[in-house]
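Throughout, our numbering is defined as the position within the sequence shown, counted from one, plus 144. From the three backbone atoms N, C-alpha and C, an ideal C-beta is built for every residue, glycine too. All values reported here derive from a predicted model rather than from experimental measurement. Here's the structure, in structure tokens; my notes come after.
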Amino acid sequence: MPFRPDPSLPVPPAGADPLPLQGLTLLLVDDSRFTCDALRLILHRAGARLRRAESLEIARLHLNCYRPDLAIIDLGLPDGRGEDLIAELSQMGFAVLGISGDPAGRDPALDAGAAAFLEKPLGSVAGLVRLIRQLTTGIGPVAKGEEVPVPAGDPMALRDDLARAARLILAPGDPAYARGFVQSLARASGDASLEAAVRDSGTPFDRARVARMIEDRLNRLRALA
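In structure tokens:
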């Protein structure tokens with residue numbers, strides 16, 4: 145489903161093209177609501193229409209219905225690897241931008257056929273918009289303007305992702321996916337201590353410690369609600 149426009153977003157800086165991505169449809173394949181919310185804030189203000197899929201299966205259903213101008217694909221997904229979808233789409237002539245909270249994902253994404261790769265947390269708003277415009281239209285950079293950071297995601301979206309992380313980290317299933325999801329979320333939200341804890345977790349005892357850290361963060365966010 146497309147996100148609704150947010151009228152509360154800041155006005156672009158003077159001298160910048162107010163709608164540099166107007167008319168573009170982007171497909172974002174990412175299982176993190178927190179990351180998707182931050183991208184929504186940018187892309188809607190730039191004029192793009194954004195649709196989200198949280199898994200490979202849902203992404204393929206989207207692609208049966210329409211052709212996006214650009215697919216932005218996270219590498220760690222609940223039902224497989226984003227590199228597989230990147231390879232499929234690049235062979236079909238789609239423009240693809242790979243993203244990941246793991247910097248080691250750059251080479252696999254590019255080898256699979258991504259035109260570019262971005263590491264979470266994302267950098268500046270203007271830099272991201274310029275890259276997307278170049279990948280989709282081939283037009284040179286928009287007026288540079290002020291390099292403001294990518295806005296933080298909605299705290300409620302972070303709360304939802306943390307609640308999911310708490311379930312994943314102790315649940316049976318793919319431990320690599322669970323660790324990747326939590327580590328990527330920690331990087332995207334600027335939580336260095338949680339990122340380090342999940343990176344170093346290798347035993348059930350370590351994962352229980354990570355789960356306690358996640359619960360502490362959830363309790364703080366609940367207190368703000």
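Excluding residues up to 5 positions away in sequence, F178, S333 and L365 lie with their Cβ nearer than 7 Å to the Cβ of L302 in the same chain.
The DSSP-derived three-state label of F325 is helix.
Here E227 really is in contact with A253; their C-beta atoms are around 6 Å apart, less than 8 Å.
Your pair L165 and A192 checks out as a contact, with CB atoms roughly 4 Å apart and the cut at 8 Å. If you look at F238, you'll find it isn't in any beta strand (DSSP E); DSSP assigns it neither H nor E. If you look at T347, you'll find it isn't in any beta strand (DSSP E); DSSP assigns it neither H nor E.
I186 is positioned such that its CB atom lies no closer than 8 Å to that of D218.
Taking the C-beta atoms as reference points, G245 is found no nearer than 8 Å to S345.
With a cutoff of 8 Å on beta-carbon distance, I276 and A256 are scored as not near each other.
Residue pairing for G317: DSSP places it in no beta bridge. The residue among V326, Y321 and L221 with its C-alpha nearest the C-alpha of D305 is V326.
For E201, the enclosing alpha helix (DSSP H) starts and ends at L200 to L207. Residue environment for R274: buried (at least 16 other C-beta atoms within 10 angstroms of its C-beta). If you look at R184, you'll find it in the alpha helix (DSSP H) that goes R177 to R189. In the DSSP assignment, L171 falls within the unbroken beta strand (DSSP E) covering T169 to V173. Relative to the Cα of L266, the nearest Cα in the group T281, L214 and C180 belongs to C180.
Comparing alpha carbon positions, the residue from V342, V173 and L214 closest to M357 is V342. About 5 Å separates the CB atoms of L214 and A239; that is less than 8 Å, so the two are in contact. When secondary structure is reduced to three states using DSSP, D218 falls in the strand class.
Residue pairing for G224: DSSP places it in a beta bridge opposite L221. Under a 10 Å Cβ-count criterion, A336 is classified as exposed, with fewer than 16 other Cβ atoms of the shown protein chains found around its own Cβ.
F349 is classed as exposed because its beta carbon has fewer than 16 other beta carbons within 10 Å across all chains shown. C-alpha of R351 to C-alpha of I313: approximately 6 Å in a straight line.
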